[in-house]
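Everything below concerns the one structure shown next.
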Amino acid sequence: MPCHLLPVDSPQIPAQPYAEQRMPEAQPIPFAALHLVHAAMRRDLARLPNALRLLQPEDEAGARALQGHWDFMTAMLTCHHEQQDTRLWPMLRRFAPELRLLLNWLEADHHNLDHSFTRVTTLVRIATRDPASAWPVAYAVEELAARVETHLRIEERQLLPRMAGVFPAGSRIGTLPELLDLLRAADGPASSDALVWLLDGVDEAHVELLLADCDDTVARHWPHWRDTYARCSAQLWGPGRS
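Here the sequence shown stands for residues 1 to 242, where the numbers follow the UniProt record's numbering.
Here it is in structure tokens:
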């Protein structure tokens, strides 16, 4: 007879004198995708200026990597704005009409930011072809980062707290799986590229929590995607700094 079918005494659990000192488990973040996009934009807009200033004339691979990453960031921002303007804002206007003036301002500012990114894209293209011009372009990126920061703070302080009262707990709105599905349906960045970019620098406990909310394919391929991203981003920021 298998031993687990035999009657046994209840196990005695030893006392845990330091249990009260255990760190709390990571908790799900409401509207995680919105927070992740904001954090990733802040992170890379902060480190791109220095990468531009360090670009050497003979470093063609580094220049291509910088240009490609800037184009990827711009595409992610465009998808993020489209998700908000066409999917999220209309629902909020319907269920929280008191937010309409704020939403109108945010949507208008999305268009302003998109134009600013287009202008800086032209400058980054010039800098990656002629690193001697990289310093003024780095300043332009820093100015753009300040504008983006203002927009993100308004969303985070004035809008996100109100959204918690509109969408019930457990809603798919603003989650990472929803964003990945939208990217798969759109003609934009690959969802695998977006995922590793969004989770760059996130602590492992929250990474596991976020991946657990995704489908099996994402969880299965995550180690390969993460390692590939680490190799590619080392070309941008240097080994160990991705």
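Glycine included, each C-beta is placed from N, C-alpha and C at the ideal position.
Looking only at C-alpha atoms, which of Pro177, Glu149, Ala145 sits nearest to Ser120?
Note that residue 120 is Val in the sequence shown here, rather than Ser. Nearest Cα to Val120 within the set Pro177, Glu149, Ala145: Ala145.
Cβ of Val141 within 7 Å of Cβ of Pro49?
Yes, the Cβ-Cβ distance between Val141 and Pro49 is below 7 Å.
Taking 8 Å as the cut-off, does the stretch 154-161 touch the stretch 52-66 (at least 3 CB pairs, one atom from each stretch)?
As far as the Cβ criterion goes, the stretch 52-66 does not touch the stretch 154-161, which means the pair count is below three.
Suppose contacts are defined by Cβ-Cβ distances below 7 Å. Is Leu52 in contact with Ala132 by that definition?
Not a contact, by the Cβ cut-off of 7 Å.
Short of 7 Å in beta carbon distance, which residues of its chain neighbour Ala219, apart from the five on each side in sequence? Order them along the chain.
Within the same chain, Ala219 has close Cβ partners Leu211.
Is Val166 helix, strand or coil when you go by DSSP?
Residue state, collapsed to three classes: coil.
Check this for me: beta carbons of Arg184 and Glu178, under 7 Å apart or not?
Not a contact, by the Cβ cut-off of 7 Å.
Kindly indicate which three-state DSSP category Ile173 falls into: helix, strand or coil?
Coil, per DSSP.
Return the first residue and the last residue of the alpha helix (DSSP H) that Thr128 is part of.
The continuous alpha helix (DSSP H) containing Thr128 extends over residues 100-129.
Under 8 Å, with one C-beta from each stretch per pair, do the stretch 75-90 and the stretch 102-112 reach the 3-pair mark?
The way I'd put it, the stretch 75-90 does touch the stretch 102-112; three or more beta-carbon pairs between them come closer than 8 Å.
Since I believe Met41 is in contact with Leu77 (beta carbons under 8 Å), could you give me their beta-carbon distance rounded to a whole number of angstroms?
Sure, about 7 Å apart at Cβ, within 8 Å.
Helix, strand or coil: which one does DSSP assign to Thr228?
In the structure shown, the three-state DSSP call for Thr228 is helix.
By Cβ distance below 7 Å, which residues in the same chain neighbour Leu103 in space, the five residues on each side in sequence not counted?
Exclusion of the five residues before and after Leu103 leaves Trp89, Leu92, Arg93 as the residues of its chain whose Cβ lies within less than 7 Å of its Cβ.
Coil, strand or helix - Val137 by DSSP:
Residue state, collapsed to three classes: helix.
CB contact flag (Val196, Arg226, <7 Å):
Cβ distance < 7 Å, so Val196 and Arg226 count as in contact.
Identify, in the order they occur along the chain, each residue of the same chain with its Cβ nearer than 8 Å to the Cβ of Ala186, setting aside the five sequence neighbours on each side.
Excluding positions up to five away in sequence, the list reads Cys79, Glu82.
Just to confirm the assignment, what range does the alpha helix (DSSP H) spanning Cys79 have?
Annotation for Cys79: the continuous alpha helix (DSSP H) segment containing it runs 60-83.
Report all residues from its chain with a CB closer than 8 Å to the CB of Thr175; omit the five preceding and five following residues, and keep chain order.
Within the same chain, Thr175 has close Cβ partners Phe31, Ala32, Ala33, Asp213.
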